[in-house]
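Notes follow the structure.
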Amino acid sequence: MKTIEIGRFSDLAQALSTAGYRVAAPVDDGGVVRFKEWTKGREIALGAVPVDSVKDFLFPRSEVVARFALEEAGAFTPVPVERFAPKTVALGVRPCDAAALAALDAVFNWDYRDGSYNARRAATTVVSLACAKADAHCFCISVGGAPDGTAGADAILRPADGGSKLVFEALSDKGRLLEAMVSDGQAVPDAPAALKKRFDPAAVGRWLAANFESPFWKEAALACLGCGACAYACPVCHCFDLQDESDRKECRRLRNWDSCGFGLFTLHASGHNPRPDQSARWRQRVMHKFSIYPQKFKTLACTGCGRCARLCQAGMAIAETCERIEALGR
Amino acid sequence: MMKALRQEAAKLLQEKRAALIIGFAEREGHPALFISKPEDCERLFYDVSCRQNLAAYLSKPEVSARRPVAIVASLAALRSLVVLTAESQAAPGQVLALAVDKDAFLGTFDVAGAAELLRSKYPDLGPEKALLERVGELSKKSVVERAAFWAEEFAKCTRCYACRAACPGCYCARCIVEKNAPQWVSTAALGHGNYSWNIMRAFHQSGRCTLCGACEAACPQGLPLMVLNAALDREALEEFGARPGYDPEGKPVIGSWSAEDDHSYMR
Amino acid sequence: MKTEKADVPTPTTFEPRITAFVCNWCTYAGADLAGTSRLQYAPNLRIIKLPCTGRIDPLFVLKAFENGADAVLVSGCHPGDCHYTSGNYHARRRWTLFRKLLALTGIGDDRLFFSWVSAAEGQKFADLVNDVTAKVRKAGPFQAAHPGRKA
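Residue numbers (this note's numbering), protein chains in the order written: chain B, 1 to 330; chain Z, 331 to 597; chain X, 598 to 748.
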């Protein structure tokens, strides 16, 4: 059995860093726990669910996808863009965030194989951390996950001996490459967090498929103020906007995150907006996650991490919406 | 306090003085609650942990379609209501405030009444001392240190615009950052775009911000937005005597002028 | 016209790039007078002419810093002289607040200058440009690490 003392956890990060990996881990950043690049000496915060997820390392919030050198008289030459895909270990990834990778893999390899996403995905080893605790917003168990789920992970760390140790278990070849960095030991794994199933996603999907025009949406979306906090924090949301930015010497084509919560997201050049109000946008968000996506990719676009609800200033909680939808369908 | 608030809200609905009440729910996080039936007013809640400024909903089309509206309003939200009225954004007679302050229910007010209440009982609302100390500390640093501080903070910004959505003052149908011909503010969540965005957000609130703190509370990344807001609030007060949110007929600081304004920094 | 060469600082001498936003009626005419009077002044200024200081959006200033300016000068008609009556008064309020915001976020008053220069003040304009250029030269290049600078 491979074990790590909780207090020596950053030693593993250091060993990985020494071995040439970029290490991403949850770090306490002035009171906010972020999933970010680990640097020497930083403590890894294993207690809280970070505000960002491993998604940020595979599909960054802004990325240059093309460059053009601008010349006189409107001429331009494409400039090759160096692909950024360093060898990375994502350490302490929540099982819900690791599970989200299946949904991301599906969409980034659908009608078009996304080169930069796939390059980073191939270069990343996901070491997840089973949850011994859950909060009121967690609902992985309702969407097919589990606090100690292994989907998407190359290795998993399980809290043991009352939280004083972690048991390391490799789940893939990538994960086995890290085994040598963890020492042998003995420990008794702790029980994973206890969660109650709150709704049945299949029942939610059935109601959604038949109730696009329901008056439910108008009322359910009243509180939504139309920001992108939920989509940007979501480990599955992957919509983006391509923007060209240029000065007199160069044009950069950027891929930036976008959110269906914004009014501009579907605004046509004519001025017409097929999703004219926030209820149409909130409906899109719920339908995409529980109806459209599962129909298309056979996987839900929600892994129950609860970030959207945790971060929403207006208290929009997707699990609660699903509970209400399930009740409507009965 | 809660009892008085609930009774008053139910009365407004019964007497048809309001068709919609926007308040806070009791459950965790105290999300906004929308009520149109008197019996549902029992679900209303308020304490200081209710951080949203509900005046932000007044510019939402789905809400303005259901006027007359009454909102549960803290002192800062009352000021926002007055600012919105001064800027012709709140239909007169169509918006009421169920005023609350910490653990007291102060009564129902129309905009004129809210302004009167603020002027007579709370004439000196401003940034809290701790916030001003943070501004002071930052001001004492060198420009290079200040740049480094904000470089680190702004780098966290994902451009989710939760700050904008939270703010009653951010009611533009199309924000400057969404105008792309020309694209003045880069939409990439990278250095210079994040700087421009955060600077312009703060600047567009100067002399209008009521320091409710909803933007900072809404920021998923915990950016210290109130440091910028408070600094501008004090500057607008010192330079132009600006006290936004006290006069529903007052002119905005930016958008008006006086020949007497100081310009000692001009060469 | 190609003036690119003068833009490139060499390792030994730093030639500041200063963007000036000026109004059409006073400061631009003042600059013109400096020219027709054959007054010599530092060649570090790039003038952008706008109808009025009231038209100068603070975003212009951010854009200049974004794209490589070491300093920005904003100049227009003296109070009372605005050809649109009150554009410069409006602008003045804006700058009073905006310069504080920039100072707090790392762009100090050694980078951001404001002045009133009338159409008759060719000499004042030349002196101003020399003085501003000297100050920016002393301050050095705008820090590459400033968050407002394009990477």
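Just so it is clear, CB atoms sit at the ideal spot from N, CA and C, and this is done for glycine as well. Every value quoted in this text rests on a predicted model; they were computed, and no experiment measured them.
Spell out whether any CB of chain Z is found under 8 Å from the CB atom of B/Y232. Position 232 of the first sequence, counting from 1, holds the residue named residue 232 of chain B. At least one chain Z Cβ lies under 8 Å of B/Y232.
For X/F549, which residues in chain Z fall below 9 Å Cβ to Cβ? It is not possible to answer for residue 549 of chain X, since the shown part of chain X is limited to 598 through 748.
How would you write the range of the alpha helix (DSSP H) that Z/W527 sits in, first residue to last? Here residue 527 of chain Z corresponds to residue number 197 of the second sequence, with the count starting at 1. G521 to H534 is the span of the alpha helix (DSSP H), which, as asked, contains Z/W527.
Please list the segments of the beta strand (DSSP E) lying wholly inside the stretch 376-432 of chain Z, counting only runs of 3 or more residues, in order along the chain. 399-403 and 425-431
Can you pull the chain Z neighbours of B/N109, defined as C-beta to C-beta under 7 Å? Working through the first sequence from its first residue, we reach residue 109 of chain B at position 109. None at all; the shortest Cβ gap to chain Z is about 25 Å.
Coil, strand or helix - B/D244 by DSSP: Numbered from its first residue, the first sequence carries residue 244 of chain B at position 244. B/D244: strand per DSSP, three-state reduction.
Our contact map puts Z/L562 next to Z/S536 with C-beta atoms below 8 Å; I'd like the distance itself, whole angstroms only. As a position in the second sequence, residue 562 of chain Z is number 232, starting the count at 1. As a position in the second sequence, residue 536 of chain Z is number 206, starting the count at 1. That pair is a contact at about 4 Å.
Could you tell me the alpha carbon to alpha carbon distance between X/P625 and Z/D591, rounded to whole angstroms? Within the third sequence, numbered from 1, the residue matching residue 625 of chain X stands at position 28. Within the second sequence, numbered from 1, the residue matching residue 591 of chain Z stands at position 261. Looking at the sequence shown, residue 625 of chain X is not Pro but Tyr. Roughly 24 Å between the two C-alpha positions.
Whole-number beta carbon distance between Z/T488 and Z/Q424, since they are thought to touch under 8 Å: Along the second sequence, one-based indexing puts residue 424 of chain Z at 94. Along the second sequence, one-based indexing puts residue 488 of chain Z at 158. Not a contact, Cβ separation roughly 36 Å.
Endpoints, beta strand (DSSP E) assigned at Z/G353: Here the question's residue 353 of chain Z lines up with position 23 in the second sequence. Z/G353 -> beta strand (DSSP E) spans L350 to A355.
Candidates Z/V473, Z/A348, Z/P368 and Z/C380: which alpha carbon is nearest Z/R327's? Residue 327 of chain Z lies beyond the stretch modelled for chain Z, which goes from 331 to 597, so this question has no answer here.
Could you name the residues of the stretch 501-520 of chain Z whose beta carbon sits closer than 7 Å to any beta carbon of chain B, in the order they occur along the chain? E508, Q513, S516, T517, A518, A519 and L520
Rounded to whole angstroms, what is the Cα-Cα separation between B/C260 and B/Y112? Mapped onto the first sequence, residue 260 of chain B falls at position 260. Mapped onto the first sequence, residue 112 of chain B falls at position 112. Rounded to the nearest angstrom, the two C-alpha atoms are 21 Å apart.
For Z/E579 and chain X, any beta-carbon pair shorter than 8 Å? Position 249 of the second sequence holds residue 579 of chain Z. No, because no Cβ of chain X sits closer than 8 Å to the Cβ of Z/E579.
Run down chain Z in chain order and give the residues with a C-beta less than 9 Å from the C-beta of X/G719. Walking along the third sequence from the start, residue 719 of chain X turns up at place 122. Result: empty, since nearest Cβ-Cβ is about 15 Å, beyond 9 Å.
Using the Cα positions of B/D244 and Z/G575, report the straight-line distance between them to the nearest angstrom. The sequence position of residue 244 of chain B within the first sequence is 244, counting from 1. The sequence position of residue 575 of chain Z within the second sequence is 245, counting from 1. Approximately 40 Å between the Cα atoms of the pair.
Mind reading off the beta-carbon distance from B/A223 to B/A314? Whole number of angstroms is fine, and I expect it under 8 Å. Here residue 223 of chain B refers to the residue found at position 223 of the first sequence. Here residue 314 of chain B refers to the residue found at position 314 of the first sequence. Contact flag correct, Cβ pair sits at about 4 Å.
Consult DSSP for B/G92 and reduce its assignment to one of helix, strand or coil. The residue given as residue 92 of chain B occupies position 92 in the first sequence. The answer is strand: DSSP assigns B/G92 an E or B state.
Excluding the 5 residues preceding and the 5 following B/F331 in the sequence, name in chain order all residues of the same chain whose CB lies nearer than 6 Å to its CB. Residue 331 of chain B lies beyond the range of chain B shown here (1 to 330); nothing can be said about it.
Supposed contact pair B/E250 and B/L70 - C-beta distance, whole angstroms, cut 8 Å: For the purposes of this step, residue 70 of chain B is taken as residue 70 along the first sequence, with counting starting at 1. For the purposes of this step, residue 250 of chain B is taken as residue 250 along the first sequence, with counting starting at 1. Confirmed, Cβ separation roughly 6 Å.
Would you decide whether B/G7 is buried or exposed? Buried here means 16 or more other CB atoms lie within 10 Å of its CB. Along the first sequence, one-based indexing puts residue 7 of chain B at 7. Answer is exposed; the Cβ neighbour count stays below 16.
Beta carbon of X/T730, beta carbon of X/I644: below 8 Å? One-based indexing of the third sequence puts residue 730 of chain X at position 133. One-based indexing of the third sequence puts residue 644 of chain X at position 47. No; because the gap between Cβ atoms is not below 8 Å, this pair is not in contact.
Contacts of X/Y686 in chain Z (Cβ-Cβ under 8 Å): Start at 1 with the first residue of the third sequence, and residue 686 of chain X comes out as number 89. The answer, in chain order, is W587, S588, A589 and D591.
Hey, would you say B/E43 sits closer than 8 Å to B/A24, going by beta carbons? Numbered from 1 along the first sequence, position 43 holds the residue referred to as residue 43 of chain B. Numbered from 1 along the first sequence, position 24 holds the residue referred to as residue 24 of chain B. For B/E43 and B/A24, no; Cβs fall outside 8 Å.
For X/T702 and Z/W527, believed in contact at Cβ under 8 Å, the rounded distance: On the second sequence, position 197 is the one that residue 527 of chain Z refers to. On the third sequence, position 105 is the one that residue 702 of chain X refers to. Wrong, their Cβ atoms sit about 12 Å apart, outside the cutoff.
What in chain Z is Cβ-close to B/E245, meaning under 9 Å? Position 245 of the first sequence, counted from the first residue, corresponds to residue 245 of chain B. Neighbours of B/E245 on chain Z, chain order: Q513, S516, T517, A518 and G523.
What residue from Z/L567, Z/F354, Z/A566 and Z/C502 has the CA that sits closest to Z/K390's CA? Numbered from its first residue, the second sequence carries residue 390 of chain Z at position 60. Z/K390 has its Cα closest to that of Z/C502, out of Z/L567, Z/F354, Z/A566 and Z/C502.
Using a Cβ-Cβ cut-off of 8 Å, state whether Z/M530 counts as contacting chain X. Position 200 of the second sequence, counted from the start, is the residue given in the question as residue 530 of chain Z. Cβ-Cβ to chain X under 8 Å: yes for Z/M530.
Between which two residues does the alpha helix (DSSP H) carrying B/G144 extend? Working through the first sequence from its first residue, we reach residue 144 of chain B at position 144. B/G144 -> no alpha helix (DSSP H), and no H or E assigned at all.
Just reading off the beta strand (DSSP E) that X/C620 is part of, what are its end residues? Residue mapping note: residue 620 of chain X aligns to position 23 of the third sequence, counting from 1. Start and end: I615 to C620.
Between which two residues does the beta strand (DSSP E) harbouring B/L70 extend? Indexing the first sequence from 1 puts residue 70 of chain B at position 70. B/L70 -> beta strand (DSSP E) spans S62 to L70.
Closer than 8 Å, CB to CB, is Z/L611 near chain X or not? Chain Z is shown only over 331 to 597; residue 611 of chain Z falls outside these bounds and no answer can be derived.
Determine, for B/D28, whether the minimum Cβ-Cβ distance to residues of chain Z falls below 8 Å. Along the first sequence, read from residue 1 onward, the residue named residue 28 of chain B stands at position 28. By this cut-off, B/D28 is not an interface position.
Please determine, among B/W110, B/A103, B/A130 and B/A119, the residue with the shortest C-alpha to C-alpha distance to B/P95. As a first step, residue 95 of chain B must be located in the first sequence, where it is residue number 95. It is B/A130.
Step through the CB atoms of chain Z and report whether any lies within less than 8 Å of the CB of X/P613. Reading the third sequence from its first residue, position 16 is the one you call residue 613 of chain X. Answer no: the Cβ-Cβ gap between X/P613 and chain Z never drops below 8 Å.
Can you find a CB in chain X that lies within less than 8 Å of the CB of Z/V413? Here residue 413 of chain Z refers to the residue found at position 83 when the second sequence is read from its first residue. Z/V413 does not count as touching chain X.
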